[in-house]
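Protein sequences appear in the order of chains U and Z.
Yeah, the first sequence ends on 629 if you go by our numbering, and it's all consecutive.
Yeah, the second sequence ends on 629 if you go by our numbering, and it's all consecutive.
Quick notes on the structure that follows.
2 protein chains.
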Amino acid sequence: MNKPTPRITTGALPASCKVFIPGQMHQIAVPMRSIHVSNETPLSVYDSSGPYTDPAASTDIRQGLAGTRGDWLRARGDIEEYEGRAVTSADNGFAEGDRLVPEFPKLRRPFRATGNRAVTQMAYAKAGIITPEMEYVAIRENLGRTEAWAEARDGEDFGAAIPDLVTPEFVRQEIAAGRAIIPANINHPELEPMIIGRNFLVKINANIGNSAVTSSMEEEVEKMVWAIRWGADTVMDLSTGRNIHNIREWIIRNAPVPIGTVPLYQALEKVGGVAEDLTWEIFRDTLIEQAEQGVDYFTIHAGVRLHMIPMTVKRVTGIVSRGGSIMAKWCLHHHRESFLYEHFDEICDIMRAYDVSFSLGDGLRPGSIADANDQAQFAELETLGELTKIAWAKDCQVMIEGPGHVAMHKIKANMDKQLAHCHEAPFYTLGPLTTDIAPGYDHITSAIGAAMIGWFGTAMLCYVTPKEHLGLPDRDDVKTGVITYKLAAHAADLAKGHPGAQLRDDALSRARFEFRWEDQFNLSLDPDTAREFHDETMPKEAHKLAHFCSMCGPKFCSMRISHDIRAEAQKQEGMAQMAEKFREGGALYLPAEKAQ
Amino acid sequence: MNKPTPRITTGALPASCKVFIPGQMHQIAVPMRSIHVSNETPLSVYDSSGPYTDPAASTDIRQGLAGTRGDWLRARGDIEEYEGRAVTSADNGFAEGDRLVPEFPKLRRPFRATGNRAVTQMAYAKAGIITPEMEYVAIRENLGRTEAWAEARDGEDFGAAIPDLVTPEFVRQEIAAGRAIIPANINHPELEPMIIGRNFLVKINANIGNSAVTSSMEEEVEKMVWAIRWGADTVMDLSTGRNIHNIREWIIRNAPVPIGTVPLYQALEKVGGVAEDLTWEIFRDTLIEQAEQGVDYFTIHAGVRLHMIPMTVKRVTGIVSRGGSIMAKWCLHHHRESFLYEHFDEICDIMRAYDVSFSLGDGLRPGSIADANDQAQFAELETLGELTKIAWAKDCQVMIEGPGHVAMHKIKANMDKQLAHCHEAPFYTLGPLTTDIAPGYDHITSAIGAAMIGWFGTAMLCYVTPKEHLGLPDRDDVKTGVITYKLAAHAADLAKGHPGAQLRDDALSRARFEFRWEDQFNLSLDPDTAREFHDETMPKEAHKLAHFCSMCGPKFCSMRISHDIRAEAQKQEGMAQMAEKFREGGALYLPAEKAQ
Numbered sequence: 034m035n036k037p038t039p040r041i042t043t044g045a046l047p048a049s050c051k052v053f054i055p056g057q058m059h060q061i062a063v064p065m066r067s068i069h070v071s072n073e074t075p076l077s078v079y080d081s082s083g084p085y086t087d088p089a090a091s092t093d094i095r096q097g098l099a100g101t102r103g104d105w106l107r108a109r110g111d112i113e114e115y116e117g118r119a120v121t122s123a124d125n126g127f128a129e130g131d132r133l134v135p136e137f138p139k140l141r142r143p144f145r146a147t148g149n150r151a152v153t154q155m156a157y158a159k160a161g162i163i164t165p166e167m168e169y170v171a172i173r174e175n176l177g178r179t180e181a182w183a184e185a186r187d188g189e190d191f192g193a194a195i196p197d198l199v200t201p202e203f204v205r206q207e208i209a210a211g212r213a214i215i216p217a218n219i220n221h222p223e224l225e226p227m228i229i230g231r232n233f234l235v236k237i238n239a240n241i242g243n244s245a246v247t248s249s250m251e252e253e254v255e256k257m258v259w260a261i262r263w264g265a266d267t268v269m270d271l272s273t274g275r276n277i278h279n280i281r282e283w284i285i286r287n288a289p290v291p292i293g294t295v296p297l298y299q300a301l302e303k304v305g306g307v308a309e310d311l312t313w314e315i316f317r318d319t320l321i322e323q324a325e326q327g328v329d330y331f332t333i334h335a336g337v338r339l340h341m342i343p344m345t346v347k348r349v350t351g352i353v354s355r356g357g358s359i360m361a362k363w364c365l366h367h368h369r370e371s372f373l374y375e376h377f378d379e380i381c382d383i384m385r386a387y388d389v390s391f392s393l394g395d396g397l398r399p400g401s402i403a404d405a406n407d408q409a410q411f412a413e414l415e416t417l418g419e420l421t422k423i424a425w426a427k428d429c430q431v432m433i434e435g436p437g438h439v440a441m442h443k444i445k446a447n448m449d450k451q452l453a454h455c456h457e458a459p460f461y462t463l464g465p466l467t468t469d470i471a472p473g474y475d476h477i478t479s480a481i482g483a484a485m486i487g488w489f490g491t492a493m494l495c496y497v498t499p500k501e502h503l504g505l506p507d508r509d510d511v512k513t514g515v516i517t518y519k520l521a522a523h524a525a526d527l528a529k530g531h532p533g534a535q536l537r538d539d540a541l542s543r544a545r546f547e548f549r550w551e552d553q554f555n556l557s558l559d560p561d562t563a564r565e566f567h568d569e570t571m572p573k574e575a576h577k578l579a580h581f582c583s584m585c586g587p588k589f590c591s592m593r594i595s596h597d598i599r600a601e602a603q604k605q606e607g608m609a610q611m612a613e614k615f616r617e618g619g620a621l622y623l624p625a626e627k628a629q
Numbered sequence: 034m035n036k037p038t039p040r041i042t043t044g045a046l047p048a049s050c051k052v053f054i055p056g057q058m059h060q061i062a063v064p065m066r067s068i069h070v071s072n073e074t075p076l077s078v079y080d081s082s083g084p085y086t087d088p089a090a091s092t093d094i095r096q097g098l099a100g101t102r103g104d105w106l107r108a109r110g111d112i113e114e115y116e117g118r119a120v121t122s123a124d125n126g127f128a129e130g131d132r133l134v135p136e137f138p139k140l141r142r143p144f145r146a147t148g149n150r151a152v153t154q155m156a157y158a159k160a161g162i163i164t165p166e167m168e169y170v171a172i173r174e175n176l177g178r179t180e181a182w183a184e185a186r187d188g189e190d191f192g193a194a195i196p197d198l199v200t201p202e203f204v205r206q207e208i209a210a211g212r213a214i215i216p217a218n219i220n221h222p223e224l225e226p227m228i229i230g231r232n233f234l235v236k237i238n239a240n241i242g243n244s245a246v247t248s249s250m251e252e253e254v255e256k257m258v259w260a261i262r263w264g265a266d267t268v269m270d271l272s273t274g275r276n277i278h279n280i281r282e283w284i285i286r287n288a289p290v291p292i293g294t295v296p297l298y299q300a301l302e303k304v305g306g307v308a309e310d311l312t313w314e315i316f317r318d319t320l321i322e323q324a325e326q327g328v329d330y331f332t333i334h335a336g337v338r339l340h341m342i343p344m345t346v347k348r349v350t351g352i353v354s355r356g357g358s359i360m361a362k363w364c365l366h367h368h369r370e371s372f373l374y375e376h377f378d379e380i381c382d383i384m385r386a387y388d389v390s391f392s393l394g395d396g397l398r399p400g401s402i403a404d405a406n407d408q409a410q411f412a413e414l415e416t417l418g419e420l421t422k423i424a425w426a427k428d429c430q431v432m433i434e435g436p437g438h439v440a441m442h443k444i445k446a447n448m449d450k451q452l453a454h455c456h457e458a459p460f461y462t463l464g465p466l467t468t469d470i471a472p473g474y475d476h477i478t479s480a481i482g483a484a485m486i487g488w489f490g491t492a493m494l495c496y497v498t499p500k501e502h503l504g505l506p507d508r509d510d511v512k513t514g515v516i517t518y519k520l521a522a523h524a525a526d527l528a529k530g531h532p533g534a535q536l537r538d539d540a541l542s543r544a545r546f547e548f549r550w551e552d553q554f555n556l557s558l559d560p561d562t563a564r565e566f567h568d569e570t571m572p573k574e575a576h577k578l579a580h581f582c583s584m585c586g587p588k589f590c591s592m593r594i595s596h597d598i599r600a601e602a603q604k605q606e607g608m609a610q611m612a613e614k615f616r617e618g619g620a621l622y623l624p625a626e627k628a629q
């Protein structure tokens with residue numbers, strides 16, 4: 034074997050170390066990133082990056098991550114290990130020989146619920162059980178809240194119910210009510226649980242997918258590791274073509290975040306790309322294949338119904354969801370309701386046996402400003418609401434996918450209708466893009482919409498990279514997309530008034546005002562880029578101590594002048610107080626207006 | 034002379050040519066950019082780029098642009114040419130010899146109003162006069178509106194009064210009411226007039242400034258040309274240090290867009306950077322110096338009053354406006370009201386004699402999320418409202434500068450208070466940035482706030498580049514900042530419901546749906562980047578005709594499938610109609626439900 038060593042990005046972020054908060058109910062240790070700040074207490078921030086940023090942890094993608102969560106799962110006593118479905122050549126798109134990505138080396142047998150049990154977080158929540166996963170996310174979300182207690186609450190949450198402190202019991206209630214989900218397949222013991230819901234921090238998803246030309250398992254795992262390093266909370270594997278089964282296994286075994294997929298893509302591969310040839314049996318088999326691997330949520334386009342298809346015919350951009358267009362084509366060809374809709378009950382039975390969460394796909398989302406908020410889009414949304422009720426009755430966890438391309442004045446209606454029709458199930462939107470005219474900058478056109486809809490109540494934002502509409506994102510594009518969405522999600526958290534959300538802004542602004550350049554870099558979402566941009570103009574180390582910056586120079590530095598002003602004002606205030614004392618004591622001075 | 038040829042970026046944008054719309058009242062020709070689209074009528078878009086993108090025009094920065102507007106000015110018979118103020122060595126920061134940027138070669142004498150006249154657009158508007166400038170901007174703004182007449186109005190304008198068609202009389206009324214300004218110094222005959230107001234398209238400003246190290250007049254002119262090529266509507270020259278007088282002359286003589294400055298910066302240079310040594314006389318002399326050169330708007334920080342300074346002492350980031358901090362320091366040192374506030378009447382007298390517009394500076398804007406919407410900020414805003422009334426009484430044009438750093442839920446209050454306190458004078462904001470934690474990405478943190486406040490009613494958005502807070506923007510940063518703000522302004526125009534604003538989105542989306550890649554590139558805000566991103570994955574020319582793209586490949590292309598669906602649905606609809614006819618004709622068929 035003379036293969037090169039897998040190149041996975043590891044190591045701590047600048048001035049950062051991992052800290053672990055222990056549970057009080059369960060044997061858990063919740064990781065956070067602690068950023069060193071000069072002359073201040075270290076700042077803890079939410080950390081989705083997994084063991085890869087922990088110098089104390091050794092990671093080897095051939096081993097996969099430690100399956101810590103396995104103990105929690107087995108302790109519940111409601112799952113069984115079984116033989117599992119045999120992997121077929123079709124699962125990997127008939128890739129053979131050199132073109133076949135090797136199987137993940139560690140053999141494992143899948144788990145499923147015993148009997149007809151629902152082993153979902155929703156089932157436990159409804160039964161009044163606080164799982165380790167629930168306590169884990171409570172600790173994770175709680176970040177900074179105790180420090181912020183002294184501060185008055187600030188923000189506009191549009192009817193959300195954001196608590197002062199996130200307790201495990203609060204998490205349980207939210208999951209029981211369907212307002213939040215913890216995507217956590219029982220076959221994904223490597224997972225560090227996270228929660229998606231309107232009353233929690235806004236999350237972001239990054240999409241990755243195999244390249245047609247060069248696919249190695251190292252590359253595919255690295256895409257995921259890279260995305261979570263910069264803050265992706267979940268990762269969707271949208272691979273198509275060859276090797277997708279094996280690549281998915283490599284990704285999941287190395288993923289500390291929930292992995293989502295669109296099973297329809299793989300099912301379509303199995304019928305040679307001919308949508309009309311899809312069958313319920315092939316789709317069902319694909320669901321089980323992926324559920325056994327440990328996929329945490331499935332996008333299921335069950336809301337595309339036959340009678341809605343004519344509603345899209347006059348659109349400027351028709352159907353732009355891949356899954357939606359595949360199902361629409363199938364429905365139209367067979368002139369019948371889709372097998373996803375007709376077999377939705379059976380899909381629920383699979384989901385509940387592995388705790389795969391639904392991400393009910395918006396197959397009819399608008400692909401242009403012209404098509405936003407139209408009849409087709411909202412007809413599908415109502416159907417997704419109906420399906421939500423069916424899934425909940427089976428204790429399945431559900432979130433709802435949303436648009437797309439929507440001008441700013443039409444965004445709020447999307448959130449309001451989603452809340453109304455889908456009974457407060459978490460909303461998961463793609464952007465939305467607020468204009469069509471800036472290809473190459475659609476991470477920005479969509480960050481505007483994403484920040485707004487996140488503020489209005491969307492629980493997770495699917496990122497858009499600069500390459501959207503134009504090509505496949507490279508490594509830099511993925512990072513740009515993730516950072517852009519992190520800042521949009523954070524802007525939403527601030528506006529919603531999450532207690533403690535502003536701690537990082539305040540720490541960074543204090544550093545800025547006090548010319549602590551290193552702290553400013555370290556506290557920022559992308560310390561490397563901040564440092565690099567600064568060093569382009571002022572490369573010398575000494576400048577990092579300078580009490581001015583390259584932009585204005587020392588003469589014009591408003592912040593430096595502000596310090597002078599502060600000193601002067603305090604001096605003058607001191608004198609005024611002194612004068613006041615004299616006055617009170619014996620009228621040595623008279624105030625000017627009284628002296629006249 | 035063996036100097037290199039000045040390198041100014043010229044030439045048309047891809048698939049574009051200049052067209053000129055003649056006036057009906059005045060001898061004017063209003064330029065627009067016409068983009069060729071296959072199988073469709075060409076799309077006209079707003080064009081701020083001046084003659085530099087017109088292959089038919091020859092530009093030579095040593096000659097300056099043609100002073101077409103000079104004829105309109107002289108025809109009014111209310112201005113006089115005069116000797117003007119002698120340029121001093123201090124005006125150029127005492128630069129000498131090799132370090133002195135040469136004077137602009139074409140000598141000119143300045144104009145000013147005769148007698149005590151106000152030669153402002155506001156004075157004419159109040160007198161019922163429709164100037165050529167007013168007709169010019171009416172034609173410019175009207176772009177696409179006639180084509181969009183058939184469409185129903187859409188949008189939420191928060192109480193603005195956006196007309197179906199912009200008539201010259203509407204422009205006059207808006208200017209007379211103070212709701213809009215045309216920044217147009219009588220000493221800037223090279224200007225292509227534009228309008229700033231809530232009922233017009235949202236505009237953007239780009240800041241440029243000299244570099245301490247390498248300043249040549251070609252470089253400085255090129256910065257301006259580059260910014261307007263990508264869509265900057267106005268340019269502020271924020272140069273400091275040496276040569277600023279001469280560089281400013283080069284810029285204005287070559288600028289088709291309004292040029293703004295902060296005269297305080299140059300005044301401070303004249304007193305060696307010591308704020309306390311500033312005097313009204315030096316400031317006044319600087320105003321006249323710059324007014325004679327043709328600066329179209331001045332930022333004047335007259336709202337910073339002595340009693341407000343203590344309000345900033347407890348802030349996280351103090352005073353972050355350079356002008357604000359300079360004036361605060363002066364006030365505090367002398368313990369008196371600022372000379373800008375005390376001499377505001379006299380400043381108005383200068384502004385009206387040249388028609389320099391006020392941009393009333395927000396010296397106390399918040400520099401961090403923590404400081405947003407505080408007492409200091411709003412106290413100053415109220416003072417700016419008082420000053421607006423004084424300026425209007427002298428027929429001076431006024432806009433109001435705004436923040437800064439503001440979380441999303443506090444943005445609308447800024448707009449509402451500005452409208453209330455400043456009597457609907459146009460608002461001109463910097464962003465606002467919606468979080469502090471993303472240095473290196475502040476074009477994006479601020480584009481979110483900019484799009485929103487533009488929607489709420491802000492008339493012009495000052496761009497922020499990726500280098501904000503970190504260093505000096507280079508050429509790429511300037512372009513990124515301008516494109517980012519163009520898309521934010523456009524998102525605002527769409528949401529406000531400007532008739533015709535969506536024409537470009539629709540044309541681009543049609544091109545996207547029909548796989549017309551070249552049209553998609555050409556219609557986008559940055560055709561070069563769109564093409565480059567596409568070519569990274571699919572470089573071949575043949576791929577530009579491909580009915581799929583690199584992202585999903587042919588099997589998964591939702592748009593390609595949509596075409597199949599459309600064809601199939603139309604076929605089925607056709608069959609249904611046929612069946613309907615049979616039924617009507619003689620009941621050959623019975624509908625299924627009736628047949629039971």
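Backbone N, C-alpha and C fix where the C-beta goes; we use that ideal spot for every residue, glycine too.
Could you tell me the distance, in whole angstroms, from the CA atom of residue i to the CA atom of residue j?
i, j, result
"U:LEU494", "Z:ASN232", "33 Å"
"Z:GLU547", "Z:ILE321", "57 Å"
"Z:PRO37", "Z:ASN287", "Summary for Z:PRO37: the model assigns pLDDT 48, below 50, so the residue's position carries little reliability; its value from the coordinates is reported in the next sentence. Rounded to the nearest angstrom, the two C-alpha atoms are 19 Å apart."
"Z:THR86", "Z:HIS278", "27 Å"
"U:ARG317", "U:ASN72", "58 Å"
"Z:GLY264", "U:GLY161", "59 Å"
What does residue i pair with, by DSSP beta-bridge criteria?
i, result
"Z:MET571", "Per DSSP, none; premise fails for Z:MET571."
"U:SER268", "Sequence inspection shows Val at residue 268 of chain U; the Ser mentioned does not correspond to that position. Paired residue(s): U:ALA239, U:ILE292."
"Z:LYS51", "Z:ARG66"
"Z:CYS381", "DSSP lists no partner for Z:CYS381."
"U:LEU393", "U:ILE333, U:ILE433"
Check whether the Cβ of residue i sits closer than 8 Å to any heavy atom of the ligand ZN, and report yes or no.
i, result
"U:ASP539", "This structure lacks the ligand ZN; in fact it carries no ligand of any kind."
Going along the chain, which residues of its own chain have a beta-carbon closer than 8 Å to the beta-carbon of residue i, five neighbours each way excluded?
i, result
"Z:GLY514", "ALA239, HIS476, TYR496, VAL497, THR498, PRO499, PRO506"
Cutting at 6 Å between CB atoms, please list the residues of its own chain near residue i, excluding the five before and the five after it.
i, result
"Z:PRO226", "GLU166, TYR169, VAL170, ILE215, ALA217"
Practice task
Could you list the residues in the region 522-549 of chain U with a C-beta less than 7 Å from some C-beta on chain Z, going in chain order?
Solution key: Cβ contacts with chain Z: HIS523, ALA524, LEU527, ALA528, GLN535, ARG537, ASP538, ASP539, LEU541, SER542, ARG543, ARG545, PHE546.
Exercise for the section: May I ask you to list, following chain order, the residues of the region 593-604 of chain Z that have a beta carbon less than 8 Å from some beta carbon of chain U? Expected result: Interface annotation for the region 593-604 of chain Z against chain U: ILE594, SER595, HIS596, ASP597, ILE598, ARG599, GLU601, ALA602, GLN603, criterion Cβ-Cβ distance under 8 Å.
Handout entry: Ranges of the beta strand (DSSP E) found wholly within the region 79-148 of chain U, counting only runs of at least 3
Key = Annotation: the region 79-148 of chain U contains the following complete segments of the beta strand (DSSP E) (minimum length 3 residues), in chain order: 112-114, 144-146.
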